[in-house]
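> Here's a structure for you.
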Amino acid sequence: MREDRQHIVVTGARANNLKGVDLRIPLGVLTVVTGVSGSGKSSVVFGTIAVESQRQLNEVFPAFIRNRLPRYERPEFDLIENLAPAIVVDQKPVGGGTRSTVGTMTEVNPVLRVLFSRYGEPSAGPSNFYSFNDPQGMCPHCDGLGATLQLDLDKLLDLDKSLNEGAIRHSNFAVGTNYWKRYAQISRYEKGRAREQDLEPVFDADKPLARYTKQEMDLLLHGEGFQTIRPDDLNNVAINDYEGVVPRLTRRFVKPGLESLKDKERRSTEQVVTERTCPECGGARLSRAALDSTIDGRNIADYCAMEIGDLVTELERVAGRWPGPVVPAALASLRRIASVGLGYLTLNRPTRTLSGGEGQRLKTVRHLGSALTGMTYIFDEPSVGLHAHDVDRLNRLLLDLRDKGNTVLIVEHNRDVIAIADHVIDMGPEAGARGGEIVFTGTVEKLAHSGTLTGRHFRVQPGLKPAPRTATGQLSVRGARLHNLREVDVDFPTGVLTVVTGVAGSGKSTLVSKVFTQEHPRAIVLDQSAVGMNPRSTPATYTGIWDMVRKQYAKAHGLDASLFSFNAKGACPECKGRGTITTDLAFLDPVTTVCELCEGSRYRADVLEHRVKGLDIAQVLDLTVAESRDHFDDPAVVRRLDPLHEVGLGYLTLGRPLSMLSGGERQRVKLADRLHERGSVYVFDEPTTGLHMADVGNLLALLDRLVDAGNTVIAIEHDLDVAKHADWIIDIGPGAGEHGGRVVFTGTPAEMAESADTTTARFLRASLPAAEPSTA
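Residues 1 to 776 in the UniProt record's numbering are what the sequence shown lists, from first letter to last.
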């Protein structure tokens, strides 16, 4: 009985593909959960343990508070015991809007504000006078944003069109909208002249704007000081004060800031504005008084613009002058950030520009400074985006959290992170319906000798590629100097697999994803961004098979095909065909629960009465890609599903929302869409993200097929197994930020292992199997 109190005990977990899983997770240790993509790792850790912990924690609050907290649906399980409060550190973008920076997120900025309020000369006043989020400290011209948005009339207006033809290029001013009517259908109003025949139109809505006189254009854009009435509003006598397009659009969409707008409004506004650095503060965001206050000639904005590693050196230099906790507190926070390989960041870096891996490490650093113990910290692949050199630092951070008396639970594929585990849980044996079981629990040493897929790949280190291909030509970049690149000249060989390596922040993505692709625009870029479809997109809709399937059901039952669409007539009236209902809690994360009416099927009950080959239409959505290839007889359907299977996504269900895919999965969906093009240049951004060690081998086989078919493949990658398999390596460094931005090695993996003296080379040599030592 006592032993049970030392474990989180889960009985009968059935979320997603879990098959009544029973498991025990020891408390106070670091546990890694492994398994191939789709095996059920996230369903155990996030979908069951994390959700239930947060749900039960909310229940301890009074009803008044509970009604204002996120509502979590109870996961499917029989019993969970000994849960501790869970803190989830995931890969979701940090966000935070235009006012959120690395300094505000990590709470270093408040410490620096205290420092300058006490020791800055001349002092600007109390600490809030140094805050760009406080009216007393912000630049009055840009309201503390560091930049101003200005309407670009060349972008806003199509002078060749009339108002009736949509001359104003903004979705809220499109033909037929209320705003459009306030210009295209208005007449001047004067008291006593409300009869229709007395009204005088303000603008000729059929005349192209290019033919407007200067007075007419000024009136349209900037007019004010009179009232208008619309003919179709005569019965209601609706009278409005006239406001020109520019002040109205500025007041309604520009002044509040893009972050405050709805998605459609924001996208439309972004297309008609130009962002410029604030001329008053030069982008520093602060008032003149704050900027005039300095320590040794540097103001607080100068401190925030320094790389964190350099700022540590600067504060160490001045630390001895002033007793008290201020400088030590700032140094402690900054050193923690540098300790996880983020010393190249600056405190003024907007959080919305951080990668998922960077954001995740900053979240972790924030928790390191916490005095809480006895918590459960749950991490989602914290090694994503990290060079092997930085994984070592990450491991020390994770062990520090454990040693403070917490339970650390990590979903991870990285061999080096698995190696530090006190306890390992391996899910499998495969993905999707063939997964959802625990195939191993125990120590790392026992895992290495187990027969599981993870165990076999964990104990075997791949060697170098025996025979690299020879390039057929080259694609050049000359004088690249974007961001931290320092006049980089480099040749990318064609007809081979090139891997671009280097520590995080060294300039890899800048060189390849930005400079190279700009100079060679025909390159097919496959990154981890959203697939570009709406929230209802699924593998079934993305591949185009869903129309075929719906027509099959319609033909079999003599019904309208739209009845079998979860986006049309067949949709559940409660959730509108989503299968879930999302509650937006404004100041908290939105909470999504399964629709109670359709129980997640997305369809009306009467639609599900119709079957083809024994399955209703919702059950077809539950089929995996692999199962669907066997289920459907139509060759056209199978042909469109084959690429998804070929890129290793056979475990995805046809109804899985694309918005729920990991970055690596999204990348492979895009690859499937363009898999069989020939003579192309493919650019991949960390394609191993989210991949199990076994799946990395499948990915490399796929990349080989692309190259052998006559294509050129360039991959930005940290995984050393991929680097060993390359035909050519371009290593960027030597460090990150201002210490990077140079090409420090080009050559084959064997040449790197033999003679290169770079960070990547040292870790590559260390990763070689014992029978294949470097000759260096």
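Even glycine gets a Cβ: it sits at the ideal position worked out from N, Cα and C.
Predicted model only: the values in this text are computed from it and were never measured.
With distances taken from CA atoms, which of D380, I168 and A124 is nearest K41?
D380
> Classify Q528 as helix, strand or coil using the three-state DSSP reduction.
coil
> Let's see if you can read the secondary structure: which residues bound the beta strand (DSSP E) around P26?
V21 to P26
> Closest by CA to Y72, which one among V89, V88 and A50?
A50
> With a threshold of 16 other CB atoms inside 10 Å of the CB of Q185, please say whether the residue is buried or exposed.
In the assembly as shown, Q185 is a buried residue. Its beta-carbon has 16 or more other beta-carbons within 10 Å.
> Quick check for students: name the residue ranges of the beta strand (DSSP E) that lie wholly in the region 331-407, counting only runs of 3 or more.
376-380
> Ignore the nearest five residues each way along the sequence and tell me which others in L706's own chain have a CB closer than 7 Å to its CB.
Y682 and V713
> Look at the alpha carbon of R666 and the alpha carbon of F516, and state the distance between them as a whole number of angstroms.
22 Å
> Give me, in chain order, the residues of the same chain whose beta-carbon lies closer than 6 Å to that of E437; leave out the 5 immediate sequence neighbours on both sides.
Correct list, in chain order: K19.
> Quick one: what's R611 bridged to in DSSP?
D616
> If you follow the alpha helix (DSSP H) that S628 is in, where does it begin and where does it stop?
V625 to H631
> Of the choices G442, L621, R113 and G735, whose alpha-carbon is the least far from that of D302?
R113
> Below 8 Å, how does it come out for the region 335-350 and the region 733-752: are there three or more Cβ pairs, yes or no?
yes
> Could you check if I295 is buried or exposed, using at least 16 other CB atoms within 10 Å of its CB as the buried criterion?
buried
> Verify whether the separation of the beta carbon atoms of E52 and I80 is less than 8 Å.
Result yes, Cβ atoms of E52 and I80 sit closer than 8 Å.
> Starting from residue 777, follow the alpha helix (DSSP H) in both directions and report where the run begins and ends.
No answer is possible for residue 777: the residues shown for the chain start at 1 and end at 776.
> Am I right that K670 and L497 are in contact with their C-beta atoms under 8 Å? What's the rounded C-beta distance?
With 8 Å as the limit, K670 and L497 do not qualify as a contact, their Cβ atoms being about 18 Å apart.
> Does the region 318-333 come into contact with the region 58-68, if we say contact requires no fewer than three beta-carbon pairs (one atom in each stretch) closer than 8 Å?
no
> Using a threshold of 8 Å, state whether the C-beta atoms of L702 and T688 are closer than that.
no
> Return the CA-CA distance between S509 and V637, expressed in angstroms with no decimal places.
37 Å
> Should the region 642-661 be called in touch with the region 425-432, which here means at least 3 C-beta pairs below 8 Å?
yes
> Bridge partners for W728 per DSSP, in chain order?
Within the DSSP bridge table, the entry for W728 names T498 as partners.
> Tell me which same chain residues have a C-beta within less than 7 Å of the C-beta of S767, skipping the five on either side of it?
Q461 and L720
> Between which two residues does the beta strand (DSSP E) harbouring H251 extend?
The question names His, but residue 251 is Arg in the sequence shown. R251 -> no beta strand (DSSP E), and no H or E assigned at all.
> Please classify P201: does DSSP put it in a helix, a strand, or coil?
strand
> Going by DSSP, what residue range makes up the alpha helix (DSSP H) through Q215?
K214 to H222
> Would you mind stating whether E686 and H718 have Cβ atoms separated by less than 8 Å?
yes
> Return the chain-ordered ranges of every alpha helix (DSSP H) run that is complete within the region 242-305 and spans a minimum of 4 residues.
The region 242-305 contains these whole alpha helix (DSSP H) runs: 245-249, 263-270, 288-292 and 300-305.
> Looking only at its own chain, which residues have a Cβ that is under 8 Å from the Cβ of Q552, when we skip the five neighbours before and after it?
V612 and D634
> Which residue spans inside the region 623-704 form an unbroken beta strand (DSSP E) run of at least 3?
681-685
> Helix, strand or coil: which one does DSSP assign to R2?
Unreliable placement is indicated for R2, whose pLDDT of 40 sits below 50; the coordinate value is still reported in the next sentence. In the structure shown, R2 sits in coil (DSSP, three-state: anything other than H, G, I, E or B).
> Taking Cβ positions, are V477 and V549 nearer each other than 8 Å?
no
> Less than 8 Å separating the beta-carbons of D90 and Q528?
no
> Do T34 and M427 come within 8 Å of each other at the CB atom, strictly closer than that value?
yes
> Among residues of its own chain, excluding the 5 on either side of G76, which ones have a beta-carbon nearer than 6 Å to its beta-carbon?
As written in the sequence, residue 76 is Glu, which differs from the Gly given in the question. For E76, where only same-chain residues beyond five positions count, the Cβ hits under 6 Å are R14 and A15.
> Consult DSSP for Y72 and reduce its assignment to one of helix, strand or coil.
Coil, per DSSP.
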